[in-house]
Structures are given as structure tokens and as C-alpha cells.
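J.: Below are the C-alpha cells for one structure; questions will follow.
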Amino acid sequence: MMKYLKKHPFDFSVIMVFSVFVTYSLFFHFNPGIEIFEKNFWTFLKEMLIALPVMFILIGLFDVWISKERVQKHIGDSSGTKGVLLVMLLAFVQAGPLYAAFPVAYILKKKGTSSVNIFIYLSSYTMAKVPMLTFEIGFLGLKFSLLRLVLSIPIFILIGIFMGKYFDKHKGTINEV
Amino acid sequence: MTYIIVLTVILTLISLAFDKKKTWKGIKKGAKQFINILPTLLSVIILISIVLYFVSDDVLMKYLGTDAGIGAYFSAGMIGAVAILPGFIAYPLAGILVKSGVSLSVIAVFISTLKMVGILTIPIEKRYFGLKVTLMRNALSFVGALIVGIMMALILNYL
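So the sequences go chain by chain: Y and Z.
For what it's worth, our numbering labels the leading residue of the first sequence as 1, then goes sequentially.
For what it's worth, our numbering labels the leading residue of the second sequence as 1001, then goes sequentially.
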């Protein structure tokens, strides 16, 4: 428990101060405080406490069935449509921010993946990371997700192809950091 | 939301049928992640609650609403490009914004630039790819995100 508290010092300070503030507001009928608590905080909290545990179970299951390592093993220097689909799949199953993809891009390049596929891989980060899709469908709806995907995939593949070609033309290299 | 709950139940049952141990491991993994992000999530909800109390719907709409027109897409794109937010915070926030009246197409731009454009992480990206390629990829992704948003608006409004 102490370890848990120590891991999130900022968060727990915010929670503590807010608890005191809300208690004070309720006790002394301080209206802005009550409104922040009831109208905003409570509404948001309720929704998230229902949604998030379910989503995290889905993410956990996904993690044990399709691991990043498993997909990465199959990529190597595979090219053509199969290569494109594999790098996209790799991006889809990966969690984490975009900058977590740069070291992977370096490794892929070293293994012989083409520049175009590398940039498609980076571009795919925006489209459909499965863990994130869970949140997206949950909070913004299936219609939004499908529409965004259908529009994003061609646009960001084009950007990937363009960047890859440009990269090769100017003899770019990916550096190890 | 219902989709996700139904999907999770079905997938969990399928997973159980194939491999009990693996399923249990996955659920535990998910639960652990959830507990780990819970404090951050709570403090973020608190901060959003307070900020939204002071930022009235009018102000929000002025920059992100239909009145802002094409500017709303640009503002949303810039916010997404600068912000570094994990998905479990970005999506609930986006959901709150939609409820306040921000259109889905503007949110699509925000989500796309949030993931694809990282102004604050340019120094990191530059070390891998060099400055020129980095700037170009970010600029193109920004434009791509705007196109996604505008096409989505056209589809949602005219189809």
C-alpha cells in the first residue's frame, strides 16, 4: 500500500486536497464546490468506473493471446502486401505512445524491413491500436471508430509510402539512440 | 459502451474455453493495469472537473464548436499535437467534450494528431530520423489528421 502511494505522489496529493475541499464544500454549503463535485466529478467518475474495468480485461486478454514479440518475429524482411499487413498488425497490437515506436522502427530497419513499411508502421500508430480501440468505441461509439478507421487507413498509408520513398531518395538512416 | 461489455463477455468465454490459465493471466494483467492507472485517472477527472467548471460551454464552443468553423479543426489539431496524453485519459476526455457539444469530426482531428503528431517529442524523434524527416512526417500527419476530420464532417453532415 505504501509503495502504491509512493508511486503516485502527485495523484494522491490531488485526491487528498480535493477530498478535503469537497467535504468542506458540502459542510459549509459552498456552491461552486458542490457543483464541481456533483455535476462534473461524480458524473464522469460513474461512467469511468463502469467502463474501464471491462476495457482493461479486454486489453489484458488481448495481451496474452497476441504478443508483440510474436508478430515481430514474423516481419523480418517480408515485403509486398504481406509485409505491409504485418507491420500494420504490429502497430495495432502495440500499446504505448508514438515515441515508443521509434526504437522498434530502428530494429525493424536493421532486420531489413523497407523504408516504406517502416513509415507505414509509424503511420499505423494513429489508426487502430487495439487497446485504444476499446476505449474509443466505449467512449465515442462504434460509428465514430469505424468511420475514423476507414478514413485514416488510406490517408496514413499514403503518407507512409510518401515518407518512405522520400527517405530512400535522400539516403536517410535510422540511428540507434 | 454496450458493445464493449458484450464483446468482453463473449471473448472472455471463448478465451476460457481455449485456455483457462491464459485467460486468468490476462484478466489479472488487465486488473493490475487498471489499479495502476486508477490514481492518475482520479486526479485527472478531478482536474478536468475543476477546469470545466471555470471554462464555460460558451468558451469551449468558441474554439471547438461549430461556430468556430474550420478553425475548430485547427484548434483541436494543435491541442492534440502538443498534448501528451495516454489513451485511457484522452478518450474519456473526448467523450466529455462530445457531451459538451464538440462535434465528432473535430474530436477525430484531436485523436489523430494526439497519436501521430508529437511536437514535444520532436527532439526524441529527431535523434532517430534526423530533423528534416521528423518535421516532414509531423507536418504531413497534421495535414492528414485535418483531412480525416473534414471528410468525416462531410460524411456525417451530408450522407
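Heads up, the beta-carbon is just placed ideally off N, CA and C, and yes, glycines get one too.
The structure displayed is predicted, hence computed values, not measured ones.
Measuring alpha carbon to alpha carbon, tell me which residue in Z:LEU1156, Z:VAL1044, Z:ALA1108 is nearest Z:PRO1086.
T.: The shortest C-alpha separation from Z:PRO1086 is found at Z:VAL1044.
J.: Give me the chain Y residues within the contact set of Z:VAL1102, using Cβ-Cβ distance strictly less than 9 Å, ordered along the chain.
T.: Those do not exist, as Z:VAL1102 stays about 11 Å from chain Y at its closest Cβ, beyond 9 Å.
J.: Pick helix, strand or coil for Y:THR113, following the three-state DSSP scheme.
T.: In the structure shown, Y:THR113 sits in coil (DSSP, three-state: anything other than H, G, I, E or B).
J.: Does chain Y have any CB closer than 8 Å to the CB of Z:LYS1115?
T.: Yes - at least one Cβ of chain Y is within 8 Å of the one on Z:LYS1115.
J.: Look at the Cβ atom of Y:GLU176, then the Cβ atom of Y:TYR106, and state whether they are nearer than 8 Å.
T.: The answer is yes: Cβ separation under 8 Å.
J.: By alpha-carbon positions, which one of Z:TYR1091, Z:THR1040, Z:THR1113 ends up nearest to Z:PHE1074?
T.: Among Z:TYR1091, Z:THR1040, Z:THR1113, the Cα nearest to that of Z:PHE1074 is on Z:THR1113.
J.: For Z:SER1103, does the three-state DSSP call read helix, strand or coil?
T.: Here Z:SER1103 sits in coil by DSSP.
J.: If the criterion is Cβ atoms closer than 8 Å, does the pair Z:TYR1053 and Y:ILE36 meet it?
T.: In contact: Z:TYR1053 and Y:ILE36 (Cβ atoms closer than 8 Å).
J.: Residues of the segment 96-114 of chain Y with a CB closer than 9 Å to any CB of chain Z: list them in chain order, please.
T.: Answer set for the segment 96-114 of chain Y: GLY96, PRO97, LEU98, TYR99, PHE102, PRO103, ALA105, TYR106.
J.: Where does Y:THR23 fall in DSSP's three states?
T.: Residue state, collapsed to three classes: helix.
J.: Is the beta carbon of Y:ILE137 closer than 8 Å to that of Z:ILE1004?
T.: Taking 8 Å as the Cβ cut-off, Z:ILE1004 and Y:ILE137 qualify as a contacting pair.
J.: Under DSSP, the alpha helix (DSSP H) around Y:LEU98 begins and ends at which residues?
T.: Segment: none, Y:LEU98 is in no alpha helix (DSSP H) and carries neither H nor E.
J.: Give the DSSP-derived three-state secondary structure of Y:ASP11 in the structure shown.
T.: DSSP places Y:ASP11 in helix when its eight states are reduced to three.
J.: Z:TYR1128: which of Y:TYR121, Y:VAL54, Y:ARG148, Y:ALA101 sits nearest, CA to CA?
T.: The shortest Cα separation from Z:TYR1128 among Y:TYR121, Y:VAL54, Y:ARG148, Y:ALA101 belongs to Y:ALA101.
J.: Report all residues from its chain with a CB closer than 7 Å to the CB of Z:PHE1142; omit the five preceding and five following residues, and keep chain order.
T.: If we look at Z:PHE1142 and ignore the five residues flanking it on each side, its Cβ neighbours are GLY1077, ALA1081, THR1113, VAL1117.
J.: Under 6 Å Cβ to Cβ from Y:SER123, same chain only, skipping five residues before and after it: list those, please.
T.: The residues are PHE156, ILE159, GLY160.
J.: Is Z:ASP1019 helix, strand or coil when you go by DSSP?
T.: Three-state DSSP puts Z:ASP1019 in coil, outside helix and strand.
J.: Quick one: using the 10 Å Cβ neighbour count with 16 as the cut-off for buried, is Z:ASP1057 buried or exposed?
T.: By the 10 Å Cβ count, Z:ASP1057 comes out exposed.
J.: Chain Z partners of Y:PHE156, CB-CB under 8 Å?
T.: In chain order: MET1116, SER1141, GLY1144.
J.: For Z:VAL1109 and Y:PHE28, I'd like the C-alpha separation in whole angstroms.
T.: Roughly 43 Å between the two C-alpha positions.
J.: With 16 other CB atoms within 10 Å as the buried threshold, where does Y:VAL54 fall?
T.: Its Cβ being crowded by 16 or more others within 10 Å, Y:VAL54 is buried.
J.: Between Z:VAL1148 and Y:SER114, is the Cβ-Cβ spacing less than 8 Å?
T.: No, the Cβ-Cβ distance between Z:VAL1148 and Y:SER114 is not below 8 Å.
J.: Are Z:LEU1104 and Z:LEU1156 closer than 8 Å when you measure CB to CB?
T.: Yes, the pair counts as a contact, with Cβ atoms nearer than the cut-off.
J.: If the cut-off is 7 Å on Cβ atoms, which residues from the segment 28-57 of chain Y count as contacting chain Z, listed in chain order?
T.: Within the segment 28-57 of chain Y, the qualifying residues are PRO32, GLU35, ILE36, ASN40, PHE41, PHE44, LEU45, MET48, ALA51, LEU52, PRO53, VAL54, MET55, PHE56, ILE57.
J.: Is Y:LEU108 near Y:TYR121, with beta carbons less than 8 Å apart?
T.: Cβ distance < 8 Å, so Y:LEU108 and Y:TYR121 count as in contact.
J.: Buried or exposed: Y:THR23, going by 16 or more other Cβ atoms within 10 Å of its Cβ?
T.: With fewer than 16 other Cβ atoms within 10 Å, it is exposed.
J.: Which residues, in order along the segment 1003-1023 of chain Z, keep a beta-carbon less than 8 Å from a beta-carbon of chain Y?
T.: Hits within the stretch, in order: TYR1003, ILE1004, ILE1005, LEU1007, THR1008, LEU1011, THR1012, SER1015, LYS1022, THR1023.
J.: Where do the ends of the alpha helix (DSSP H) carrying Z:ILE1124 lie?
T.: It spans 1122-1129 - the alpha helix (DSSP H) in which Z:ILE1124 sits, taken as one unbroken run.
J.: Measuring only between beta-carbons, confirm whether Y:GLY164 sits less than 8 Å from chain Z.
T.: Taking Cβ atoms only, chain Z never reaches closer than 8 Å to Y:GLY164, which makes this a no.
J.: Would Z:GLY1030 and Y:ILE59 qualify as a contact pair, given that the criterion is a beta-carbon distance under 8 Å?
T.: Yes, Cβ-Cβ distance for Z:GLY1030 and Y:ILE59 is below 8 Å.
J.: So Y:ASN175 contacts chain Z; which residues on that side make the cut at Cβ distance below 9 Å?
T.: Those within 9 Å of Y:ASN175 in chain Z are ARG1127, TYR1128, PHE1129, GLY1130.
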